Amino acid sequence: MNKILIFLLMLSTLLSAKMTIVKLDGTVDNGMAYLLNRSLENRTAQDTVILQVNTYGGLLMTAFDMADSIFRSKAYTIAFVEQKAISAGALISISCDQIVMGEGSTIGDCAPVIQSDEGPQIMNEKIQSPLRAKFRLFADKNGYPRHLAAAMVSPDLKIYKITTKDSVYYTDLEHDKPKIEGKADTVIMVDEGDLLTLTEDEAKSTGFATDIYPDFNSFKQKLNIPSSAELFERNWSEQFVALIGTIAPILMMIGMAGIYIESRTPGVGAPGIVGGVCLFLAFAGQQMAGLAGYLEFLLLAIGIVLLAMEVFVIPGFGVVGIAGILLVAVASVLSLQNFTIPSPELPFQGEILRINIEKMGLALFGAAVLTVLFFWLIFPHLNYVVDGPILTESLEKEPEDMQFLGEKAVASKDLHPSGKIIIEGVEYDANSSGFLILKGSLVKIIGKKHGSFIVEKIEA
Numbered sequence: 000m001n002k003i004l005i006f007l008l009m010l011s012t013l014l015s016a017k018m019t020i021v022k023l024d025g026t027v028d029n030g031m032a033y034l035l036n037r038s039l040e041n042r043t044a045q046d047t048v049i050l051q052v053n054t055y056g057g058l059l060m061t062a063f064d065m066a067d068s069i070f071r072s073k074a075y076t077i078a079f080v081e082q083k084a085i086s087a088g089a090l091i092s093i094s095c096d097q098i099v100m101g102e103g104s105t106i107g108d109c110a111p112v113i114q115s116d117e118g119p120q121i122m123n124e125k126i127q128s129p130l131r132a133k134f135r136l137f138a139d140k141n142g143y144p145r146h147l148a149a150a151m152v153s154p155d156l157k158i159y160k161i162t163t164k165d166s167v168y169y170t171d172l173e174h175d176k177p178k179i180e181g182k183a184d185t186v187i188m189v190d191e192g193d194l195l196t197l198t199e200d201e202a203k204s205t206g207f208a209t210d211i212y213p214d215f216n217s218f219k220q221k222l223n224i225p226s227s228a229e230l231f232e233r234n235w236s237e238q239f240v241a242l243i244g245t246i247a248p249i250l251m252m253i254g255m256a257g258i259y260i261e262s263r264t265p266g267v268g269a270p271g272i273v274g275g276v277c278l279f280l281a282f283a284g285q286q287m288a289g290l291a292g293y294l295e296f297l298l299l300a301i302g303i304v305l306l307a308m309e310v311f312v313i314p315g316f317g318v319v320g321i322a323g324i325l326l327v328a329v330a331s332v333l334s335l336q337n338f339t340i341p342s343p344e345l346p347f348q349g350e351i352l353r354i355n356i357e358k359m360g361l362a363l364f365g366a367a368v369l370t371v372l373f374f375w376l377i378f379p380h381l382n383y384v385v386d387g388p389i390l391t392e393s394l395e396k397e398p399e400d401m402q403f404l405g406e407k408a409v410a411s412k413d414l415h416p417s418g419k420i421i422i423e424g425v426e427y428d429a430n431s432s433g434f435l436i437l438k439g440s441l442v443k444i445i446g447k448k449h450g451s452f453i454v455e456k457i458e459a
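If you read the sequence shown in my numbering, its first letter stands for residue 0, the second for the next number, and so on.
See below:
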């Protein structure tokens, strides 16, 4: 009776187990992370997840998160290195329980790099240290050589291969070399200045890979992977997330420019719509990637509300409007990363924050350029399109104000383009037909729109 119960238990376990294949090819980005998390969801200890890896790497922080997700997964994970698992791809592969190599494939070279004026530069020891620690952690857990794993990260390590009668091991310590002649064979496996990258044969001989197969189909046939195995590939949402992650700063630049232009030209419409759509796309993509959360959306919403108050409640442009723009910028920076304040234990987060602030600084500069170009090249010509309807509507609805049409006035506050003018001792809201009219300038009233006079500067 007990044997029958054991058999039924084993049968139920086999029937409930899932085999999953995940294609991780191309750049390691937020879309790939979204794909991995989707494939690992609700997996149990009876399940097997095979990662078909083929990448030169990508975002360091994203690779960290993906590797941690694999490490915490209850499923048994296998990385099949189809062609290459370089940089972030190596970190992802080594986090798996098992590595299998395809013929002609390579794995390694995971030094953290940053783009500079001189080209790609390896980050300093402060950044390398936590990454090496992560490699050692995964190597110890999965049975890979920890010193060789660390040599994939830092080029200043010297790793020895020591072969004794009983074992082969690797060390970075000079004094670990056996001192008795003839008892061991010692060679330098990785010299200082070199980053470790292994071919498929080297990966197997050093203990990283368990097997080598001609291709992925051969691997599936050997393991008798059923045709019912679930295949996870990038869908439209992951492609959308990857695209948004690439162009998010550009979308934010256009979004901030559009929102600002709309705040200075209430009623024009198009800039505000374009800006709002761009910001929505940017934040929606980052939210899908798990980067933008409630805090970012709250800051964005408060920033837009403050800008709206500046337009419709508080005339002119001052502290409230500037605070709104700053909140939108802060929300944008936070949406580019998965942390709020850098952790002292992860010093590369500080570097990521610095890079994101630089990106947002460039986005703000780009938004300023777009704003200047709009008011210089586009806005003056909008009057010819809208003056007729505005004038007709104003004559019908606000005849008492149209008595000032063609009259001269004085700018009591700078118009850029919104501001104030004085007519017969009374101050009114006004918008310039150009970009900037300074306080004290003589202007001519040429129309009215949404309760504000439209004026043009009278040249001296």
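The beta-carbon is built from N, C-alpha and C at its ideal position, and this holds for glycine as well.
All figures in this text were calculated on a predicted structure; none of them were measured in a lab.
Here DSSP, grouped into helix, strand and coil, assigns L23 to strand.
Around the C-beta of A408, 16 or more other C-beta atoms lie within 10 Å, and the residue is accordingly described as buried.
Beta-bridge pairing by DSSP links N53 to D24. Distances from the alpha-carbon of I106 to those of C277, K203 and K438 put K203 closest. Distance from the CA of D413 to the CA of I444, rounded to the nearest whole angstrom, comes to 16 Å. Around the Cβ of P416, a 10 Å sphere holds 16 or more other Cβ atoms; the residue is buried. Note on geometry: alpha-carbon atoms of P144 and N234 lie some 36 Å from one another. Rounded to the nearest whole angstrom, the CA to CA distance from L230 to P270 is 43 Å. Out of A281, D28, A148 and K17, the CA that lies nearest to the CA of E40 is found in K17.
The distance from the Cβ of I158 to that of T185 is about 11 Å, inconsistent with a contact at the 8 Å cut-off. Distance from the CA atom of G450 to the CA atom of D428, rounded to whole angstroms, is 7 Å. DSSP links F137 through a beta bridge to no other residue.
Of I258, E191, I354 and T163, the smallest CA-CA separation from M151 is found for E191.
In this model, K448 and Y259 are separated by some 18 Å (Cα to Cα). Beta-bridge annotation (DSSP): G418 is paired with A429. A straight line joining the alpha-carbon of I356 with that of R131 spans about 26 Å. DSSP places M188 within a strand segment (E or B) once states are collapsed to three. In the structure shown, the three-state DSSP call for E357 is helix. The continuous alpha helix (DSSP H) containing T61 extends over residues L59 to R71. For G405, there is no enclosing alpha helix (DSSP H), since its DSSP letter is neither H nor E. For the pair P213 and E102, the CB atoms are nearer than the 9 Å cut-off. Straight across, the Cα-Cα distance linking W375 with F134 is about 54 Å.
Closest in alpha carbon position to E350, among D67, Q127, I93 and A84, is Q127. Under DSSP, the beta-bridge partners assigned to Y212 are G101. Taking C-beta atoms as the reference points, S104 and T26 fail to come closer than 9 Å. Look at the beta carbons and you see the stretch 44-51 not touching the stretch 170-177: under three pairs across the two are nearer than 8 Å. Sequence-distant Cβ neighbours of T43 in its own chain, meaning closer than 6 Å and more than five residues away, are K73.
DSSP places S92 in the uninterrupted alpha helix (DSSP H) bounded by A87 to I93. For F207, same chain residues with a beta-carbon under 6 Å away, outside a window of 5 residues either side, are I98 and Y143 in chain order. Judged by their CB atoms, G284 and V273 are not nearer to each other than the 9 Å cut-off.
In this structure, V327 keeps its C-beta atom at 9 Å or more from the C-beta atom of L361. The C-beta separation of I243 from L280 comes to about 6 Å, placing the pair in contact by the 8 Å criterion. In the structure shown, I258 falls within a helical segment according to DSSP collapsed to helix, strand and coil. Assigned with DSSP and collapsed to three states, G271 falls in helix. Bounds of the beta strand (DSSP E) holding Y169 are V167 to T170.
Under the three-state reduction of DSSP output, I457 falls in the coil class, being neither helix nor strand.
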